[in-house]
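Asks: If you count the sequence shown from 1, position 68 lands on 68 in UniProt numbering, and the numbers rise without skipping.
We treat Cβ as the ideally placed atom computed from N, Cα and C, and that holds for glycine.
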Amino acid sequence: MAYRRWFVIGIGLALVGVLVAGVGLLTGSFSPRGYVSDHFTRAATRDIGGDALAYTSASAPSAVADQITGAWEPADRYVDGSGVYLRYDDDAVVILPLAAVGSLILVEKMRTAYPRYYGTVGNYWGWGRGTSVRGGGPGAGK
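1. For A75 versus D89, is the C-beta spacing smaller than 8 Å?
2. Which whole-angstrom value describes the C-beta separation of V93 and V107, a residue pair presumed to lie in contact below a C-beta threshold of 8 Å?
3. Threshold first: 4 residues or longer. Then list the alpha helix (DSSP H) segments lying entirely within the stretch 24 to 107, N to C.
4. Report all residues from its chain with a CB closer than 6 Å to the CB of S37; omit the five preceding and five following residues, and keep chain order.
5. Using only CA atoms, which one of A58, F40, G81 lies nearest to I68?
6. From S62 to E73, what distance separates their C-alpha atoms?
7. Check whether the Cβ atoms of A43 and A54 lie closer than 8 Å to each other.
8. The alpha helix (DSSP H) that contains Y118, what's its start and end?
9. Would M110 and D91 qualify as a contact pair, given that the criterion is a beta-carbon distance under 8 Å?
10. Below 6 Å CB to CB, which residues in the same chain sit around W125 once its five sequence neighbours on both sides are set aside?
11. Using C-beta distances below 7 Å, list every residue in its chain close to I11, excluding the 5 sequence neighbours before and after it, in chain order.
Pasting the structure below:
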C-alpha cells in the first residue's frame, strides 16, 4: 500500500515537470537572446554583419532595458547617453535610441561585443571582478 502512494506522488511530480517544461517550450525564452527574439520586432537590415542581430521596439531604451532585465538579470548594466549596455554570461544586449522611433536592440556574443563596445563599457562591465589580473600561480597578487 505504501508503494502505491509513492507511485501516485511520483506520477504527480512527473506531470508537474512536464507541464513546466511545456510552458517553457511555448515561451521559448530560455536566455536573454531568446527573450529578445520572442518579445521584439526583428530588424535584419540593421544587423551588424553576422555578429549582432538587430531588433526594434517603440519604447525608450530605459523601458526596453527594464523589460529585459525584469525577465533576465544581467551580470552588469551600464547606462550612458549613447544607450543601455547589458552583459550576460554569453551574450551582450545593447539598447540604443532610434530617433523618434524607439529603440534598436542588438544581441551578440560577448566575444565580439566586448571589443566592439570596449571604448564605452571597458571599465564598467566588471571584467575580472574578484580575480587577479595577473592570473594564478606562484607570485600572483604580489
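Replies: The short version:
1. By one-based count along the sequence shown, residue 75 stands at place 75. By one-based count along the sequence shown, residue 89 stands at place 89. Yes, the pair counts as a contact, with Cβ atoms nearer than the cut-off.
2. Taking the first residue of the sequence shown as position 1, residue 93 is located at position 93. Taking the first residue of the sequence shown as position 1, residue 107 is located at position 107. That belief holds up - the Cβ atoms of V93 and V107 are roughly 5 Å apart, short of 8 Å.
3. Runs of the alpha helix (DSSP H) lying entirely within the stretch 24 to 107, each at least 4 residues long, are 32 to 39, 61 to 71 in chain order.
4. Against the sequence shown, residue 37 aligns to sequence position 37. Around S37: no qualifying Cβ.
5. As a first step, residue 68 must be located in the sequence shown, where it is residue number 68. The option with the nearest alpha carbon to I68 is F40.
6. Along the sequence shown, one-based indexing puts residue 62 at 62. Along the sequence shown, one-based indexing puts residue 73 at 73. S62 and E73: Cα-Cα distance of roughly 15 Å.
7. Position 43 of the sequence shown, counted from the first residue, corresponds to residue 43. Position 54 of the sequence shown, counted from the first residue, corresponds to residue 54. Yes.
8. Here residue 118 corresponds to residue number 118 of the sequence shown, with the count starting at 1. Per DSSP, Y118 belongs to the alpha helix (DSSP H) from 110 to 121.
9. One-based indexing of the sequence shown puts residue 110 at position 110. One-based indexing of the sequence shown puts residue 91 at position 91. Less than 8 Å separates the beta-carbon of M110 from that of D91.
10. In the sequence shown, counting from the first residue as 1, residue 125 sits at position 125. Result list for W125: D76, R87, in chain order.
11. Stepping through the sequence shown from its first residue, residue 11 is reached at position 11. Here the set comprises nothing.
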